[in-house]
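J.: Here you go, one structure.
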Amino acid sequence: MKLFSFASKNLDNIWLGVEHQKWAVATVSQSAMAGRATKADRYLIPGVHGLLYCSPLHAFTVPFVVTSHADPIKVIKDIWPEGWSFPFSIRPFGDPRKQVKAKDAMAHWPVLIKRQEARGSAGGVSAALNITGATVFSPVEITQDDWAIIIDELAIPSDYEPEEPVGRDGQ
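Under my numbering, the first residue of the sequence shown carries the number 1267, and numbering increases by one thereafter.
Next up, the structure:
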């Protein structure tokens, strides 16, 4: 199965994406955007799996399933403080309250252990899961067992209802 991983520059943007069941990526150079368009069109299809990564916290959070194709033309300007490109819909299986630090994931997620062994230590989790830059919209192959571990550690059961609403700041 294919896993797409996407980085965020802060936890607030992840909360906003989860609340709106949308994700998108930064706008970059025209040539890089053309490459992203090709990869998004070819690989990002409804039903594939995804995972969000909070860069400043060095933590994985919010597994999801993609529920729409990425729109190569639209720029989302009404969800996040800045405009984001290639928006697509997601069905999140949790929220940012659950996180796994990158170093912990590298130590026990089989997909990361295998990719780290194959690549050496170069690039860390970003390189291992194609999280940023030119590798955006390039999936990594994972097993059902890999996905089960990610879901077990990061998903919030669908029958979970917090007694008090929890805002983006965790309060």
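Note that the Cβ used here is the ideal one computed from N, Cα and C, for glycine as well.
So, helix, strand or coil for residue 1291, using DSSP?
T.: Residue mapping note: residue 1291 aligns to position 25 of the sequence shown, counting from 1. Residue 1291: strand per DSSP, three-state reduction.
J.: Use the C-beta contact count for residue 1313: other C-beta atoms within 10 angstroms, 16 or more gives buried, fewer gives exposed.
T.: The residue you call residue 1313 lines up with position 47 of the sequence shown. It counts as exposed.
J.: Taking the CB atoms as reference points, tell me whether residue 1351 and residue 1319 lie closer together than 9 Å.
T.: As a first step, residue 1351 is located in the sequence shown; it is residue number 85 there, counting from the start. As a first step, residue 1319 is located in the sequence shown; it is residue number 53 there, counting from the start. Contact: no.
J.: Below 8 Å on the Cβ atoms is my contact criterion, and I expect residue 1353 with residue 1288 to pass it. Report the Cβ-Cβ distance as a whole number of Å.
T.: Here the question's residue 1353 lines up with position 87 in the sequence shown. Here the question's residue 1288 lines up with position 22 in the sequence shown. With a contact defined as Cβ atoms closer than 8 Å, residue 1353 and residue 1288 qualify at about 6 Å.
J.: On the DSSP bridge list, what partners appear for residue 1274?
T.: Numbered from 1 along the sequence shown, position 8 holds the residue referred to as residue 1274. Bridge partners of residue 1274: 1320.
J.: Give me the DSSP bridge partner(s) of residue 1315.
T.: Locating residue 1315 in the sequence shown gives position 49, counting from the first residue. Bridge pairing for residue 1315: 1269, 1331 [DSSP].
J.: Which residue's Cα is closest to the Cα of residue 1331: 1372, 1311, 1315?
T.: Here residue 1331 is taken as the residue at index 65 of the sequence shown, counted from 1. Out of 1372, 1311, 1315, 1315 has the C-alpha closest to the C-alpha of residue 1331.
J.: Going by DSSP in three states, residue 1281 sits in which element: helix, strand or coil?
T.: In the sequence shown, residue 1281 corresponds to position 15, counting from 1. Correct three-state label for residue 1281: helix.
J.: Using the three-state DSSP reduction, which class does residue 1414 fall into: helix, strand or coil?
T.: Taking the first residue of the sequence shown as 1, we reach residue 1414 at position 148. The three-state reading of DSSP puts residue 1414 in helix, counting H, G and I together.
J.: What are the boundary residues of the beta strand (DSSP E) that includes residue 1308?
T.: Mapped onto the sequence shown, residue 1308 falls at position 42. First-last for residue 1308: 1296 to 1309, but that is the alpha helix (DSSP H), not the beta strand (DSSP E).
J.: Is residue 1408 near residue 1273, with beta carbons less than 9 Å apart?
T.: If you number the sequence shown from 1, residue 1408 lands on position 142. If you number the sequence shown from 1, residue 1273 lands on position 7. No, Cβ-Cβ distance for residue 1408 and residue 1273 is not below 9 Å.
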